[in-house]
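Residue numbers (UniProt numbering): 1 to 684. Quick notes on the structure that follows.
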C-alpha cells in the first residue's frame with residue numbers, strides 16, 4: 001500500500017498548473033502541491049485544481065460499452081462487449097461509406113483529451129476518407145485564430161506568462177481570469193500590478209478582477225467591435241502609433257487608416273454605451289505602455305468576433321506591442337487541451353502539419369509518412385455538420401464532446417442529432433449528447449492515462465497516469481487504435497503506448513519535433529512550441545519577423561458589423577453569459593465533483609437593480625428568462641455587477657437553449673454572448 005507521487009497537469013483551464021496525485025494501488029487518495037519544480041503555478045491551485053480528481057470516482061462513470069435500446073435522447077441502453085461495439089461501429093462505417101461515400105461521416109476531436117489522442121482522431125478520419133473534422137473549441141477560439149493568422153500568419157499567444165508580470169498595462173477584454181484562471185491572475189497579473197502596472201477591464205459585467213482596474217468599460221454585449229474600431233481611430237488620428245514599427249514591419253497601414261477614419265469615440269459611444277472620453281484614455285494608454293492584452297470567449301463568441309479580433313491584431317501591431325518581452329497577446333482557450341486539438345490540425349481544412357488539405361505538396365508528404373491517401377476537399381465545420389445531420393452527414397463520431405449542451409440553440413441541436421443514421425459517443429459519463437448515441441464507448445479520464453498537454457502560453461508538458469480506469473473503460477487513444485484494427489486499418493495504427501504516438505507527432509508536426517517523450521520526462525516544466533529541437537523552445541514569437549510570406553504583419557481593413565440580433569420592444573434586454581470559478585464547460589466533470597457542486601449548485605440570472613425594479617423582481621425570485629429560441633426558469637440575483645439593460649447567466653447549465661445559431665460566413669462562429677431577451681417574475 002505504498003504511496004506513489006504521480007506528476008500530473010491539471011485538466012481544467014489552460015494555465016497548465018502541475019501537482020502530484022498521491023496514488024495507492026491505482027486509486028488517487030489526495031493531491032500534493034509541487035513546489036520542487038519550476039512550474040507555472042509555483043505550487044498554487046484554484047478550487048477546481050484542488051478538487052480536480054473527484055469526478056473520476058463518481059458512481060456515474062461509464063464502465064462498459066452501451067448499445068441504444070430506446071428512442072434517441074431517452075438514455076436507454078444495454079451493456080455490450082467491446083468486440084461487439086467495435087464490430088457494430090465498423091460495419092456501420094463501411095455501410096455508410098458504400099452507400100453515401102466517406103464524406104457522409106464526420107468526426108469531432110476534443111479539448112478534453114491529450115495531444116496524442118486528438119492526433120489519432122485526426123488520423124483515423126483521414127484514413128476513413130473524410131475531412132469533416134472539427135472540435136467544440138470552434139466556439140471558443142475560431143474568431144481569434146483566423147484573425148491572427150490573417151495579420152501575423154500565426155495564431156497562438158506571443159509570449160510566456162512571465163511577460164505579463166513585466167507589462168506596464170494589463171487590458172482584460174471579455175475575459176475574467178480572476179475566476180476562470182485564478183492562479184494565473186494571482187501569479188502574474190497581481191505581480192504586474194504590484195510592480196506599478198495599470199489595469200483596464202472591458203466587460204458588461206463587474207468581474208472579480210475589476211476592483212483592481214483603474215478603468216472599467218461596460219459595453220453592451222456584442223458591441224465591443226465598435227470600441228476596438230474607435231481605439232484604432234484614436235491611435236491613428238492622434239498619431240500615437242509606433243511609426244518605426246509600422247514602416248518597417250507592417251503592410252496595409254494606409255488602407256487601415258482609411259477604413260477606421262469615421263469610427264470616432266463619439267460614434268462608438270452611441271453603439272456601445274461607453275463614454276467617448278474613456279475610449280480615448282484607453283487608446284492613449286495602449287499606445288504609450290507595454291501592454292498585455294488578455295482576451296477570451298467574451299470577445300470571441302460573437303458573429304462579429306472575427307472582425308473584433310482583426311481590429312485587436314491591428315491595434316497590437318501598430319502600437320508595437322508584439323515581438324518583444326513585457327507584452328502579451330493571445331486567447332485563453334477554455335480548456336487545458338484546447339491547443340491539443342488545434343495544434344493536431346483538428347479542423348475541416350487542415351492537416352496535422354498545419355498545412356491546408358488543399359495543398360497538394362503537403363498532402364503528398366503526409367501520405368508518404370502515413371502510408372495512405374488523404375482526401376483533398378475542405379470538410380464541414382461543427383455547425384454545418386449539425387445543420388447537415390441526416391442529409392449530407394449520416395454519421396458522427398464524437399470524442400469527449402457534449403454538443404447537445406455546448407453548441408448554440410441546444411433544442412435545435414438535439415433535434416438534429418435525432419436525424420443521424422448513426423452516432424458514436426466516446427466519453428466518461430452518459431452526457432446529454434451520449435443519450436442520443438447508438439453506441440457509447442466508456443473512456444478513461446484525464447488522471448487515468450499518460451499524454452501531452454499544451455497551455456495558453458504554448459507550454460508543452462507531459463501528464464502521467466495516476467489511477468486505473470473503472471470497469472472496462474479504456475484510454476481514448478487505445479479505443480481509436482482498436483477500432484482502426486477492426487476497420488482493417490491496423491497497419492497504420494501500430495501503437496502500444498502514448499510515447500509511440502508522440503514520437504510520430506515529433507516526426508509529423510514540425511513545431512513539436514523537440515518535444516519528445518524523453519525530453520518532457522526529464523523536464524517537467526516542458527518546452528514552448530515551436531520547439532524544433534529538444535530544449536526550452538521559443539518563448540517569444542515574432543522577434544524578427546512574422547509567419548507571413550514577406551515576414552511583415554499584414555494590417556487588415558475592418559468595418560463595423562452589428563450583432564445578428566438586437567433588443568427590441570418584444571425582447572428589450574441583452575442576454576450574455578459567463579463562467580463560474582467552480583465549474584468548467586458543460587459541467588460534465590465539475591457537476592460530479594462534490595466540493596464544487598456544493599459551492600456552486602445552480603444557475604441564476606444577474607439583473608441590474610433598475611431593470612429589476614422595472615419588472616418587479618427581487619433577489620431570490622423565480623423568473624422566466626426567454627429568447628426567441630426558448631425559455632429557462634431560474635432564480636434572480638439583483639446586482640450592480642451587471643449594467644442596466646443587460647442580464648447575464650452562468651454558461652455551464654442551460655443558457656444555450658437561448659442562444660443563436662447564426663454563424664459568421666468565414667469562421668463559422670455562432671452568436672453565443674449577445675442575444676435579445678426578456679425576463680419576468682413567475683409566481684410560485
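Every residue, glycine too, gets a C-beta built ideally from N, C-alpha and C. This structure is a prediction, so every number in the text was calculated from the model and none was measured.
Over what stretch of residues does the alpha helix (DSSP H) that includes residue i continue unbroken?
i           : result
residue 609 : 609-615
residue 89  : 82-100
residue 349 : Counting along the chain, residue 349 falls outside any alpha helix (DSSP H), and DSSP gives it neither H nor E.
residue 49  : 47-50
residue 416 : 410-417
residue 383 : 382-387
residue 107 : From DSSP, residue 107 is part of no alpha helix (DSSP H) but of the beta strand (DSSP E) over 105-108.
residue 248 : 243-249
residue 68  : It is not in any alpha helix (DSSP H) - residue 68 instead sits in the beta strand (DSSP E) that spans 66-68.
residue 603 : Per DSSP, residue 603 belongs to no alpha helix (DSSP H) and is neither H nor E.
residue 624 : Here residue 624 belongs to no alpha helix (DSSP H); instead the beta strand (DSSP E) covers 622-626.
residue 126 : 115-128
residue 306 : 305-318
residue 489 : Taken as a continuous stretch (DSSP letters only), residue 489 belongs to no alpha helix (DSSP H), as it is neither H nor E.
For the beta strand (DSSP E) that contains residue i, what are its first and last residues?
i           : result
residue 631 : 631-638
residue 278 : No beta strand (DSSP E) holds residue 278; the alpha helix (DSSP H) holding it covers 276-288.
residue 650 : 646-650
residue 681 : 675-681
residue 215 : 215-217
residue 393 : Taken as a continuous stretch (DSSP letters only), residue 393 belongs to no beta strand (DSSP E), as it is neither H nor E.
Determine the direct distance from the alpha carbon of residue j to that of residue i, and round the result to whole angstroms.
i           : j           : result
residue 470 : residue 590 : 18 Å
residue 601 : residue 11  : 21 Å
residue 628 : residue 386 : 20 Å
residue 87  : residue 438 : 13 Å
residue 391 : residue 104 : 8 Å
residue 76  : residue 431 : 13 Å
residue 15  : residue 40  : 8 Å
residue 543 : residue 220 : 36 Å
residue 115 : residue 461 : 10 Å
residue 62  : residue 397 : 17 Å
residue 78  : residue 55  : 23 Å
residue 58  : residue 445 : 11 Å
residue 126 : residue 657 : 33 Å
residue 592 : residue 583 : 10 Å
residue 661 : residue 4   : 48 Å
residue 685 : residue 2   : Look at the range of the chain in this structure, 1 to 684, and you will see that residue 685 is not part of it.
residue 659 : residue 365 : 42 Å
residue 481 : residue 474 : 11 Å
residue 381 : residue 153 : 21 Å
Assign residue i to one of three DSSP states: helix, strand, or coil.
i           : result
residue 78  : strand
residue 343 : coil
residue 140 : helix
residue 686 : Since the first and last residues shown for the chain are 1 and 684, residue 686 lies out of range.
residue 574 : strand
residue 153 : coil
residue 455 : coil
residue 566 : coil
residue 224 : helix
residue 200 : strand
residue 553 : strand
residue 369 : helix
residue 356 : strand
Just list the residues that DSSP pairs residue i with in beta bridges.
i           : result
residue 20  : 7, 32
residue 670 : 663
residue 589 : BP columns for residue 589 are empty, so no partner.
residue 482 : Answer by DSSP bridge pairing: none, since residue 482 is not bridged.
residue 442 : 427
residue 13  : Paired residues: none, contrary to the question.
residue 295 : 173, 331
residue 528 : 459, 537
residue 642 : 205
residue 27  : 24
residue 134 : 108
residue 474 : 443
In its own chain, which residues sit with a C-beta less than 7 Å from the C-beta of residue i, not counting the 5 before and 5 after it?
i           : result
residue 167 : 192, 197, 290, 291, 292, 326, 327, 328
residue 89  : 424, 439, 483
residue 568 : 676
Using a Cβ-Cβ cutoff of less than 6 Å, which residues in the same chain neighbour residue i once the five nearest sequence positions on both sides are dropped?
i           : result
residue 429 : 60, 588
residue 450 : 464, 465, 498
Please tell me whether, using a cut-off of 7 Å, the distance from the CB of residue i to the nearest non-hydrogen atom of the ligand MG is below it.
i           : result
residue 202 : Here there are no bound small molecules, and the ligand MG is not part of this structure.
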